[in-house]
Amino acid sequence: SNKKGIKSFYYQAGIAERTEGFILFTLMIVFNNYITFITNIYSLIVIITALQRMLEAKKIFTKYN
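The sequence shown begins at 28 in this note's numbering and counts up one residue at a time.
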């Protein structure tokens with residue numbers, strides 16, 4: 028298809044996706060002695076993903092505004 032335009036739905040990729048969440052939650056259950064450390068790592072990954080998506084949104088909005 029040669030049609031290219033603004034999509035009404037756009038899925039932004041990031042570090043923390045569903046697979047990573049399942050992996051880290053599994054690690055929290057298996058290695059419950061390290062739950063605080065694993066939770067901190069997961070929190071950092073989620074924050075990085077949020078920043079990635081905000082920067083991408085800013086780029087998209089400034090491009091079409």
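Cβ atoms here follow ideal geometry from the backbone N, Cα and C, with glycine treated the same way.
query, result
"Anticipated Cβ contact below 8 angstroms, Phe72 with Ala43, distance rounded", "Residue identity differs from the one stated: residue 72 is Ile in this sequence, not Phe. Contact holds; Cβ gap of about 5 angstroms."
"Alpha helix (DSSP H) segment containing Ala84, residue limits", "62-90"
"Residue from Lys90, Thr76, Tyr91, Thr89 with nearest C-alpha to Ala40", "Thr76"
"Residue closest to Ile65, alpha-carbon to alpha-carbon, out of Gln79, Phe49, Leu78", "Phe49"
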